[in-house]
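**Q** What follows is a single structure, and I will ask about it in a moment.
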Amino acid sequence: MPRICSDHTMTVQKCNILQGKKGLIFGALDERSLAWHVAKRCMECGADIVLTNTPQALQLGTLPNLAQQAGVPIVPCDATDINDIRHLLTQAQTLLGGSIDFVLHSVAQSLNLRRHRTYEKVNYDYFLKTLDISALSLHKILQAALDMNAISQGGSVVTLTYLASERYLYGYNDMADAKAMLESIVRQMGAIYGTAHGVRVNAISQSATNTKAGTQWDEQACFSRYVNDLSPLGAADADDCADLCVTLFSDFTRKVTMQTIYNDGGFAHTMLTGQLMSEFRNTIDN
Ligand SMILES: NC(=O)c1ccc[n+]([C@@H]2O[C@H](COP(=O)([O-])OP(=O)(O)OC[C@H]3O[C@@H](n4cnc5c(N)ncnc54)[C@H](O)[C@@H]3O)[C@@H](O)[C@H]2O)c1
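In our numbering, the protein residues as written are 1087 to 1372.
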């Protein structure tokens, strides 16, 4: 069945561009998670997948039910723990029947954000944990995968990032530092893994989206309207993110690597739209 896109003017056809590919997806917590949207789309496009999240997340979230309904295996893993990662990579290859063709890293958490500690008053233990979970975890996954030769030649790794890595965004806190580090890891490991095994590593800089992690940030609700109004194509939703991930996992993007790709309707490159200008003008006139 074709799927109607977020702007209701287009449909995306079901296709088989991931037929025969084996994927590992980190970070689906519940039905709102970006990773769950990506997982569903990968399956629709013909991939076999394994899902993973922390043991705590598997207890708190709805992933076990979702995975059971979809007939997909889950292997628990704390993505900050190198032993867990090695175990996961072994298990995933056994379950999938061979080496992994694509990986989605959709992992982030900030205790400073969750506990409403402002940036100038961060707790440094929380700060280090934010960096470990939200950035270094990608390094650890790639280091283990490289060492175990777990990702196939020509494979593709995608992580999810946010524009606050490069611009100040009020209230985004230590997650901005984590995202900057994450994008640097994408470039460095992309060069190393590309040279060694032809594996691509990219980041998608996604529009603000209404998920559990997205709503951790206090300002998300009022920000989403501003973002949508300032994006010439409108903000990208979770299904848009899933479609771009599938494209990056496919062989059609075999020479794309070490990039931060904006999936944001043009937001990152727009100062002011005509619509917002009219609204400001009306406010001043009235
Ligand atoms: N929602 C947005 O507005 C938005 C925008 C741009 C980028 N992103 C990024 O997308 C990714 C997914 O976020 P989301 O919005 O789908 O929210 P989400 O809360 O559904 O996903 C975050 C996931 O990280 C997992 N996680 C936390 N600690 C972990 C650990 N130690 N090991 C393994 N997994 C762990 C959580 O269990 C959860 O499943 C994050 O990197 C987030 O920063 C989100």
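Even for Gly, the Cβ is constructed at its ideal location relative to N, Cα and C.
One question on the structure: do Thr1216 and Asn1198 come within less than 9 Å of each other, judged by their Cβ atoms?
**A** Position 130 of the sequence shown, counted from the start, is the residue given in the question as residue 1216. Position 112 of the sequence shown, counted from the start, is the residue given in the question as residue 1198. Taking 9 Å as the Cβ cut-off, Thr1216 and Asn1198 qualify as a contacting pair.
**Q** Residues bridged to Arg1286 by DSSP?
**A** Here residue 1286 refers to the residue found at position 200 of the sequence shown. The partner list for Arg1286 (beta bridge, DSSP) reads Ser1242.
**Q** Assuming contact is defined by CB atoms lying nearer than 9 Å, are Thr1295 and Cys1331 in contact in what I supplied?
**A** Stepping through the sequence shown from its first residue, residue 1295 is reached at position 209. Stepping through the sequence shown from its first residue, residue 1331 is reached at position 245. No. Outside cutoff.
**Q** Cα-Cα, which of Asp1329, Asn1349 and Lys1341 is closest to Gly1320?
**A** To locate residue 1320, count along the sequence shown from 1; it is residue 234. Among Asp1329, Asn1349 and Lys1341, the Cα nearest to that of Gly1320 belongs to Asn1349.
**Q** Starting from Asn1368, follow the alpha helix (DSSP H) in both directions and report where the run begins and ends.
**A** Within the sequence shown, numbered from 1, the residue matching residue 1368 stands at position 282. Here the alpha helix (DSSP H) through Asn1368 covers Gly1360 to Asp1371.
**Q** Label Leu1334 either buried or exposed according to how many other C-beta atoms from any shown protein chain fall within 10 Å of its C-beta, with 16 as the threshold for buried.
**A** Position 248 of the sequence shown holds residue 1334. Buried.
**Q** Please report the residue range of the alpha helix (DSSP H) in which Tyr1212 lies.
**A** If you number the sequence shown from 1, residue 1212 lands on position 126. Counting along the chain, the alpha helix (DSSP H) containing Tyr1212 begins and ends at Tyr1210 to Leu1217.
**Q** Please report the straight-line C-alpha distance between Pro1318 and Gln1155, rounded to a whole angstrom.
**A** Counting from one through the sequence shown, the residue named residue 1318 turns up at place 232. Counting from one through the sequence shown, the residue named residue 1155 turns up at place 69. So the two alpha carbons sit approximately 37 Å from each other.
**Q** Given the structure, does Gly1320 come close to ligand 1, in the sense that its CB is under 8 Å from one of the ligand's heavy atoms?
**A** Against the sequence shown, residue 1320 aligns to sequence position 234. No.
**Q** Straight-line CA distance for Asp1263 to Gly1240?
**A** Position 177 of the sequence shown holds residue 1263. Position 154 of the sequence shown holds residue 1240. Their backbone Cα atoms lie some 30 Å apart in a straight line.
**Q** Roughly how many whole angstroms lie between the Cα atoms of Arg1311 and Ala1165?
**A** Taking the sequence shown and counting its residues from 1, the one referred to as residue 1311 is at position 225. Taking the sequence shown and counting its residues from 1, the one referred to as residue 1165 is at position 79. Those two C-alpha atoms are separated by around 33 Å.
**Q** Would you please state the rounded distance, in angstroms, between the beta carbons of Leu1228 and Thr1247? I believe it to be under 8 Å.
**A** The residue given as residue 1228 occupies position 142 in the sequence shown. The residue given as residue 1247 occupies position 161 in the sequence shown. Not really, about 15 Å apart at Cβ, beyond 8 Å.
**Q** Can you tell me which residues form a DSSP beta bridge with His1191?
**A** Taking the sequence shown and counting its residues from 1, the one referred to as residue 1191 is at position 105. Phe1112 and Thr1245.
**Q** Would you say the beta carbon of Ala1277 is closer than 8 Å to some non-hydrogen atom of ligand 1?
**A** The residue given as residue 1277 occupies position 191 in the sequence shown. No, the Cβ of Ala1277 stays beyond 8 Å of every heavy atom of ligand 1.
**Q** Out of Ala1221, Gly1147, Ala1194 and Ala1231, point me to the one whose CA is closest to Gln1179's CA.
**A** As a working mapping, residue 1179 is identified with position 93 in the sequence shown. Nearest C-alpha to Gln1179: Ala1231.
**Q** Nearest by alpha-carbon distance to Asp1170: which of Asn1139, Arg1200 and Lys1265 is it?
**A** The residue you call residue 1170 lines up with position 84 of the sequence shown. Checked all of Asn1139, Arg1200 and Lys1265; the closest Cα to Asp1170 is Asn1139.
**Q** Just how far apart, CA to CA, sit His1225 and Gln1274?
**A** The residue labelled residue 1225 in the question sits at position 139 within the sequence shown. The residue labelled residue 1274 in the question sits at position 188 within the sequence shown. The alpha-carbon atoms of His1225 and Gln1274 are separated by roughly 10 Å.
**Q** Going along the chain, which unbroken runs of the alpha helix (DSSP H) with 4 or more residues stay wholly within the segment 1112-1194?
**A** Correct list: 1120-1130, 1141-1146, 1149-1156 and 1168-1182.
**Q** Do Ile1160 and Leu1175 have their beta-carbon atoms positioned less than 9 Å apart in this structure?
**A** Walking along the sequence shown from the start, residue 1175 turns up at place 89. Walking along the sequence shown from the start, residue 1160 turns up at place 74. Not closer than 9 Å, so no.
**Q** So, Ala1194 versus Ala1322, is the Cβ gap smaller than 9 Å?
**A** Here residue 1194 refers to the residue found at position 108 when the sequence shown is read from its first residue. Here residue 1322 refers to the residue found at position 236 when the sequence shown is read from its first residue. For Ala1194 and Ala1322, no; Cβs fall outside 9 Å.
**Q** Would you identify the three-state DSSP class for Tyr1258, choosing helix, strand or coil?
**A** Locating residue 1258 in the sequence shown gives position 172, counting from the first residue. In the structure shown, Tyr1258 sits in coil (DSSP, three-state: anything other than H, G, I, E or B).
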